[in-house]
Amino acid sequence: MRAHTLALVAAALVAVLAPLAITNEFYLKIIFSAGMYYLAAAGLNVLVGWSGQKSLGHAGLFAAGAYTAALLTAQAGWNPWLALVAAAVVAALFGVVIALPSLRVKGPSLAMVTIGFGIVVEKIVTEWQVPFGGQQGIYGVLPPTIGGQMLGIREWAWLVLAFAFLTHLALRTLLGGKYGRAFQAVQAAEVAAESVGVDVYRMKVLAFVISAVTCGVAGALVAQQNQYINSDFISFNLSIFLLLIVLFGGPSIVGPAVGAIVLTLLDAFLARWPGLQHFTYGALLLFALYAMPQGLAGVMQRFGLDW
Numbered sequence: 070m071r072a073h074t075l076a077l078v079a080a081a082l083v084a085v086l087a088p089l090a091i092t093n094e095f096y097l098k099i100i101f102s103a104g105m106y107y108l109a110a111a112g113l114n115v116l117v118g119w120s121g122q123k124s125l126g127h128a129g130l131f132a133a134g135a136y137t138a139a140l141l142t143a144q145a146g147w148n149p150w151l152a153l154v155a156a157a158v159v160a161a162l163f164g165v166v167i168a169l170p171s172l173r174v175k176g177p178s179l180a181m182v183t184i185g186f187g188i189v190v191e192k193i194v195t196e197w198q199v200p201f202g203g204q205q206g207i208y209g210v211l212p213p214t215i216g217g218q219m220l221g222i223r224e225w226a227w228l229v230l231a232f233a234f235l236t237h238l239a240l241r242t243l244l245g246g247k248y249g250r251a252f253q254a255v256q257a258a259e260v261a262a263e264s265v266g267v268d269v270y271r272m273k274v275l276a277f278v279i280s281a282v283t284c285g286v287a288g289a290l291v292a293q294q295n296q297y298i299n300s301d302f303i304s305f306n307l308s309i310f311l312l313l314i315v316l317f318g319g320p321s322i323v324g325p326a327v328g329a330i331v332l333t334l335l336d337a338f339l340a341r342w343p344g345l346q347h348f349t350y351g352a353l354l355l356f357a358l359y360a361m362p363q364g365l366a367g368v369m370q371r372f373g374l375d376w
C-alpha cells in the first residue's frame, strides 16, 4: 500500500505538471489520447484479464457512449456534463445486452457475438441518416465547460487524466476485494467457482457492465473534445487496438495504463506509415501472447513494481 501510494502521488504530479510544461498541442493531444485509451481499456481488462471473457466488439460500446453524448448535446440541448453521465448509463445498458449471451456461449463463440455487436452498431450509425447523421456524422457536439469557459487541449488533458486516476482507484478497490477474487475464480474454473458460492453469471454481467461504462465514457469524451463524431471513430480496428492494450499491458490493475501509454506513443510515431502500423500491431499481439503472457505489467512485477 505504501509503494502504491508513493507511485500514485508521483504519477499525479507528472499528470499535473506535464501538460503545464508542454506547449505543443500535438503532444497534449497524445496525452489526451493515452488517457482516453486507458479509460476504454481499464474496464476491458476487468472483462478479459480478470474474468476471462473474450470481447472483440468494444468499439460498439465506445460508439454507444460517443453517440449518446453527441445526440443529447447537439440535438436535445442537454448539459454536456449530464450527457457524459447519460453516456455511461446507456453504455452500461448495452453492456448488459451483450452480456446476456454469455450464459449460453463462451470462448470463441462469445468473441463472435461481440464482433457481431460491434459490426451491427457500426453499420447502424453509418447507414442511418436520422438520427446518427450517416457517414457525415454529427456536428456541433457541445463540450463541457468550467466556470463558463470552454476547455482548451491542456484542460482536456487534465480532465481525462483525472478520470483515469479516479478509474484506477475505483478498480483497484473493487478488484482488491471479494469481487476481484470472484472474477479470478470465474476465469479459472466456472464450475468450481459456482461450487463455492460464486454467482458466475452475475460476475460475468458485472464485468461486461464495468467494461462498457469505462468505454462509453471514453467515447463520450472523444465526441465532446472533437465536437464531432462519425463512424470513422468506431471501426473494428478500435476493438483490436483496445484488446491489444490489455494483452500487451498485462492482466493486472496497472497493465492497461502501461499498455495505453506505450501503444499510444507507438501509434503516434507510426501514423505516417499506416501499412507498417497494422503490421506492428499484429506483431506486438503475437509477441504479447507467446513471449510475454503477463504483459509489460508482468515484467514490472518481477522488479517489484506493481500498483
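Residue numbers (my numbering): 70 to 376. Even for Gly, the Cβ is constructed at its ideal location relative to N, Cα and C. Remember, it's a predicted structure, so these values are computed and weren't measured experimentally.
Straight-line gap, residue i to residue j (C-alpha atoms, nearest Å)
i      : j      : result
Gly206 : Leu358 : 36 angstroms
Phe192 : Ala143 : Note that residue 192 corresponds to Lys in the displayed sequence, not to Phe. Computed Cα separation, rounded: 21 angstroms.
Phe95  : Val265 : 52 angstroms
Val331 : Phe317 : 9 angstroms
Lys273 : Ile322 : 18 angstroms
Gln415 : Ala103 : This structure cannot settle anything about residue 415, because the visible part of the chain is limited to 70 through 376.
Leu125 : Leu353 : 17 angstroms
Ala81  : Ser308 : 28 angstroms
Pro200 : Gly185 : 22 angstroms
Gly216 : Gly351 : 45 angstroms
Leu113 : Ala366 : 16 angstroms
Gln256 : Tyr248 : 12 angstroms
Val368 : Ala145 : 48 angstroms
Thr137 : Thr242 : 28 angstroms
Leu86  : Leu141 : 34 angstroms
Arg71  : Trp150 : 34 angstroms
Ala251 : Ala90  : 43 angstroms
Arg341 : Asn306 : 17 angstroms
Thr349 : Met361 : 16 angstroms
Met224 : Ala76  : According to the sequence provided, residue 224 is Glu. The question's Met does not apply to it. Cα-Cα distance, rounded: 23 angstroms.
Asn295 : Leu235 : 23 angstroms
Ser304 : Ser171 : 23 angstroms
Ala226 : Val194 : 28 angstroms
Residue i and residue j closer than 8 angstroms at C-beta
i      : j      : result
Gln363 : Gly319 : yes
Pro325 : Ala110 : yes
Ala233 : Tyr107 : yes
Val282 : Ala161 : yes
Leu211 : Phe163 : no
Gly187 : Ala128 : yes
Val115 : Leu313 : no
Ala262 : Val269 : yes
Ala84  : Leu230 : yes
Val78  : Val315 : no
Ala135 : Ala289 : yes
Buried or exposed (CB count within 10 angstroms, at least 16 for buried), residue i
i      : result
Pro213 : buried
Leu244 : buried
Gln293 : buried
Thr92  : exposed
Phe356 : exposed
Phe310 : buried
His237 : buried
Ala287 : buried
Pro343 : exposed
Tyr197 : The sequence shown places Trp at residue 197, rather than the Tyr named in the question. Classification for Trp197: exposed.
Ala152 : buried
Val327 : buried
Val190 : buried
Thr74  : exposed
Gly209 : exposed
Gly285 : buried
> Are at least three pairs of beta-carbons, each pair with one atom in the segment 94-110 and one in the segment 330-346, less than 8 angstroms apart?
Replying inline: yes
> How do the segment 277-297 and the segment 166-184 stand: do at least 3 beta-carbon pairs fall below 8 angstroms, yes or no?
Replying inline: yes
>> Could you check whether the segment 173-185 touches the segment 118-128, counting it as contact only if at least three pairs of C-beta atoms, one from each stretch, sit closer than 8 angstroms?
In response: yes
>> Extract the residue ranges of the alpha helix (DSSP H) inside the segment 181-246, only unbroken runs of 4 or more that lie entirely within it.
In response: 222-244
> In chain order, which continuous runs of the alpha helix (DSSP H) of length 4 or greater are located wholly inside the segment 256-344?
Replying inline: 259-264, 269-295, 305-318 and 324-339
> Touch check for the segment 178-189 and the segment 150-157: three-plus C-beta pairs under 8 angstroms?
Replying inline: no
> Would you call the segment 297-315 and the segment 192-204 in contact, with 3 or more CB pairs under 8 angstroms?
Replying inline: yes
> Which ranges would you report for the alpha helix (DSSP H) in the segment 97-147 if only whole runs of at least 4 residues count?
Replying inline: 127-143
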